[in-house]
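Number of protein chains: 2
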Amino acid sequence: MNIGEIARRAGVSRSTVSYALSGKRTVSDETRRRIQAIIDELDYRPNAAARALKEGRTRTLGLVIPPASLRLTDMQLGFVASVVEAAARADLDVLLSPSGGDHDRSFERVVTGRRVDGVILMEIRLEDTRVTRLQQAGLPFVTIGHTAHPHGTCWVDVDYATLIARCVHHLADLGHRHIALINRSPELVAAGYGPAQRALAGFTEAVTQRGLTGVDLCCGDDAAAGESCLEQLLDERPEITAIATLNEAALPGIERALERARICVPRDLSIAGVAARHWAEGFRPALTAADVPTEMGTHAVELLLERIATPDAPPRHLLLTPPISLRASTGPVPAR
Amino acid sequence: MNIGEIARRAGVSRSTVSYALSGKRTVSDETRRRIQAIIDELDYRPNAAARALKEGRTRTLGLVIPPASLRLTDMQLGFVASVVEAAARADLDVLLSPSGGDHDRSFERVVTGRRVDGVILMEIRLEDTRVTRLQQAGLPFVTIGHTAHPHGTCWVDVDYATLIARCVHHLADLGHRHIALINRSPELVAAGYGPAQRALAGFTEAVTQRGLTGVDLCCGDDAAAGESCLEQLLDERPEITAIATLNEAALPGIERALERARICVPRDLSIAGVAARHWAEGFRPALTAADVPTEMGTHAVELLLERIATPDAPPRHLLLTPPISLRASTGPVPAR
DNA sequence: TTGTATGCGTTATCAC
DNA sequence: GTGATAACGCATACAA
Numbered sequence: 001m002n003i004g005e006i007a008r009r010a011g012v013s014r015s016t017v018s019y020a021l022s023g024k025r026t027v028s029d030e031t032r033r034r035i036q037a038i039i040d041e042l043d044y045r046p047n048a049a050a051r052a053l054k055e056g057r058t059r060t061l062g063l064v065i066p067p068a069s070l071r072l073t074d075m076q077l078g079f080v081a082s083v084v085e086a087a088a089r090a091d092l093d094v095l096l097s098p099s100g101g102d103h104d105r106s107f108e109r110v111v112t113g114r115r116v117d118g119v120i121l122m123e124i125r126l127e128d129t130r131v132t133r134l135q136q137a138g139l140p141f142v143t144i145g146h147t148a149h150p151h152g153t154c155w156v157d158v159d160y161a162t163l164i165a166r167c168v169h170h171l172a173d174l175g176h177r178h179i180a181l182i183n184r185s186p187e188l189v190a191a192g193y194g195p196a197q198r199a200l201a202g203f204t205e206a207v208t209q210r211g212l213t214g215v216d217l218c219c220g221d222d223a224a225a226g227e228s229c230l231e232q233l234l235d236e237r238p239e240i241t242a243i244a245t246l247n248e249a250a251l252p253g254i255e256r257a258l259e260r261a262r263i264c265v266p267r268d269l270s271i272a273g274v275a276a277r278h279w280a281e282g283f284r285p286a287l288t289a290a291d292v293p294t295e296m297g298t299h300a301v302e303l304l305l306e307r308i309a310t311p312d313a314p315p316r317h318l319l320l321t322p323p324i325s326l327r328a329s330t331g332p333v334p335a336r
Numbered sequence: 001m002n003i004g005e006i007a008r009r010a011g012v013s014r015s016t017v018s019y020a021l022s023g024k025r026t027v028s029d030e031t032r033r034r035i036q037a038i039i040d041e042l043d044y045r046p047n048a049a050a051r052a053l054k055e056g057r058t059r060t061l062g063l064v065i066p067p068a069s070l071r072l073t074d075m076q077l078g079f080v081a082s083v084v085e086a087a088a089r090a091d092l093d094v095l096l097s098p099s100g101g102d103h104d105r106s107f108e109r110v111v112t113g114r115r116v117d118g119v120i121l122m123e124i125r126l127e128d129t130r131v132t133r134l135q136q137a138g139l140p141f142v143t144i145g146h147t148a149h150p151h152g153t154c155w156v157d158v159d160y161a162t163l164i165a166r167c168v169h170h171l172a173d174l175g176h177r178h179i180a181l182i183n184r185s186p187e188l189v190a191a192g193y194g195p196a197q198r199a200l201a202g203f204t205e206a207v208t209q210r211g212l213t214g215v216d217l218c219c220g221d222d223a224a225a226g227e228s229c230l231e232q233l234l235d236e237r238p239e240i241t242a243i244a245t246l247n248e249a250a251l252p253g254i255e256r257a258l259e260r261a262r263i264c265v266p267r268d269l270s271i272a273g274v275a276a277r278h279w280a281e282g283f284r285p286a287l288t289a290a291d292v293p294t295e296m297g298t299h300a301v302e303l304l305l306e307r308i309a310t311p312d313a314p315p316r317h318l319l320l321t322p323p324i325s326l327r328a329s330t331g332p333v334p335a336r
């Protein structure tokens, strides 16, 4: 079914059908109705490829996700979901491209084949070849998280430094003097993963500023790692009375280790952090945490649409600092 | 950059460039090399829309996912990941379409706009209007899970009935006489959600066959629901010594409730189920469970590609029955 | 208010 | 072994 067939059946020219659909030219009520009736009857819809070829745009956004083999965290998943939802609201489709390594067929297809009008890149590294690739291809893009050279690009990120610092200040206000940071996995930290680096920076600064004793450790992104990490911490640093963390996937393990050690939160130990709301509320007791906003994807789509509309405008950034939701996992330092 | 420009620079016609790329006609080594050099230099790649228009296929698969607002379970997420990966291996892209209700713009775009060569539909209901819609549109599709009328369609599913029955038999072999089934959420069960229905059927049959006492209950798909569900179960049915479940998201809550009640698994209570390996291994002690295969997506893509190639072949089905991995959560019935 | 003609970038058919 | 050309389905400038 194509526009010519509709035109034939309605006894008009193809352009009239086209204009009746787009409304870019006035079409008499009578004609429009006749055309619409036939369109409804035959369930006609313009061929996307032909339209894309003619218009030079695909009405599709590319979303570059980490390789499928890696398990996505809840935060990442929430981000994908919100991107898809925001795109759908703007009547745009989303093309998925799993990409990690430098040489990736799917990524290259999306970038070079003009399959999308713009790209959202998630889980970028501080030095990311894909960013360079997109720049040289001249394809509009927005990154979630920022590289080491954030000035020329368009991005949206969570201000982990400030958020972790706020957690430290909150804990210090409650009288805690010995605080631990449970960071992301050693691999990520070593690879120069932005959130992990910036969280550490914020932690160090706040600890120094308040004259506290701080200890930071890396912890794999899963429950088992959280459990052993906390066991080790309790064993080696018994003076610690509070924990700050951005490792949501480790939370169930942390909870398990605490329960096993008969440590009562927040009576014996306080915990605060940055996590998707789902994880914070699933923790027992509910975790005092900055809820990573689910609208990250919405913002990314907004920025990308702006960038597509005006590619030469100076790139905009969005550094989100959601408020810390006071729940039940933080309390005054225990009297010794 | 387009094929004409390449042709101009190479001093050949567009068709020669096209054939040099596709290999559908012999091109002299000399010419081919010259063309390839220019293609490499300019980083040319065929325009996807033009190719789709000409060839009548898009080299893209549609993946219809539950609405983004609903949290995807780990099993669902693993499925999305494996679909994307399998498609990438076949040099195909994946277009995401969030759809739940009957009237969905994104779904309609994908179906009617010829944006994809075929569709994978996940989380279908026993009666699903989208299936009808795809059938009348004549678009090849594969469902993950099957409807009430599975004969005419192509699908891949997990045999929940058999798997839950096997769990029951395993528990009965260990001497358990009073077994509970913790099913999916009341809403899903009420809506006629296939896996929930079939799990119950398999449970009932196995329980009857072995002359056991069975009790089945619904449980929301999250930790909190699992916790309260188990508390209620322990309270009202103290005779229960074993549990079978397919509700992986409830597992952390179940674990918490057991710990709180000082019930030791598997000494006091045995648990077996169907879950993504990630959940089974995260449980303490590790859960004896049928690991839902991550290759579900791979199979779905294979079936879909077959269907696209030969749309008139009789539809194929795939009912997977992965083996139950014996871990640490099941043991002999406690002596009273 | 409507119709005609053109071109988007490919691939494929036909001619040489 | 290669080149000219038509066609895919649409949107739009131009003509009436």
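Residue numbers (UniProt numbering), protein chains in the order written: chain A, 1 to 336; chain B, 1 to 336. Beta carbons are placed, not taken as given, at the ideal position from N, Cα and C, and that holds for glycine. This structure is a prediction, so every number in the text was calculated from the model and none was measured.
Residue state for B/Gly152 is assigned as coil, using DSSP reduced to three classes. Interface annotation, B/Gly118: not in contact with chain A, CB-CB separation never under 7 Å.
Contact between B/Leu304 and B/Gly118 holds: their C-beta atoms lie close to 5 Å from each other, under 8 Å. The C-beta separation of A/Arg34 from A/Ala10 comes to about 5 Å, placing the pair in contact by the 8 Å criterion.
For B/Pro334, the secondary structure class from DSSP, reduced to helix, strand or coil, is coil. Of the residues assessed, B/Gly331 falls on the buried side of the cut-off, its CB having 16 or more other CB atoms within 10 angstroms.
One thing to note: A/Ile240 has its Cβ within 7 Å of the Cβ of A/His178.
Annotation for B/Phe283: Leu251, Glu255, Ser329 place their beta carbon closer than 7 Å to its own, counting only its chain and skipping 5 residues before and after. Sequence-distant partners of A/Ile263 (beyond 5 residues in either direction) whose C-beta falls short of 6 Å from its own C-beta, in its chain, are Leu269. At least one beta carbon of chain A lies nearer than 7 Å to the beta carbon of B/Leu95.
Cβ atoms of A/Arg166 and A/Ile324 come within 8 Å of each other, at about 6 Å. Taking a cut-off of 8 Å on C-beta distances, the segment 135-155 of chain A does not touch the segment 205-224 of chain A, as fewer than three cross pairs fall below it.
Under the Cβ distance rule, A/Ala191 does not count among the residues neighbouring chain B, no pair being separated by less than 7 Å. As computed with DSSP, A/Gly214 is found in a beta bridge with A/Ile179. Nearest Cα to A/Ala289 within the set A/Leu233, A/Gln209, A/Met296, A/Leu246: A/Leu246. Taken in chain order, the members of the segment 236-258 of chain B whose beta-carbon sits within less than 9 Å of a beta-carbon on chain A are Pro252, Gly253, Glu255, Arg256.
Only residues of its own chain outside the window of five on either side were considered, and among them Tyr160, Ala161 have a CB closer than 7 Å to the CB of B/Arg198, listed in chain order. For A/Ala244, the uninterrupted beta strand (DSSP E) segment begins and ends at 242-245. Shortest Cα-Cα distance from B/Glu5 to any of B/Asn47, B/Val292, B/Asp157, B/Ala242 involves B/Asn47. The C-beta of B/Asn2 comes no closer than 7 Å to any C-beta of chain A. Around the beta carbon of B/Glu248, a 10 Å sphere encloses 16 or more other beta carbons of the protein chains shown; the residue is thus reported as buried.
In this structure, B/Val94 places its C-beta atom within 7 Å of the C-beta atom of A/Leu96. Taking a contact to require three or more Cβ pairs closer than 8 Å, the segment 231-239 of chain B and the segment 290-310 of chain B do not qualify as touching. Neighbours of B/Ala48 in chain A, taken as residues at a C-beta separation under 7 Å, are given in chain order as Gly113, Arg114, Arg115. For B/Val17, not one C-beta of chain A is nearer than 7 Å to its own C-beta.
For A/Arg32, the closest C-alpha among the options A/Val156, A/Arg45, A/Val12 is that of A/Val12. A direct Cα-to-Cα measurement between B/Ala309 and B/Ala90 gives close to 14 Å. Any Cβ of chain B closer than 7 Å to the Cβ of A/Arg210 would place that residue at the interface, and such an atom is absent.
In this structure B/Ala49 is in contact with A/Leu53, their Cβ atoms being roughly 4 Å apart against a cut-off of 8 Å. At a cut-off of 7 Å between C-beta atoms, B/Ser106 counts as an interface residue with respect to chain A.
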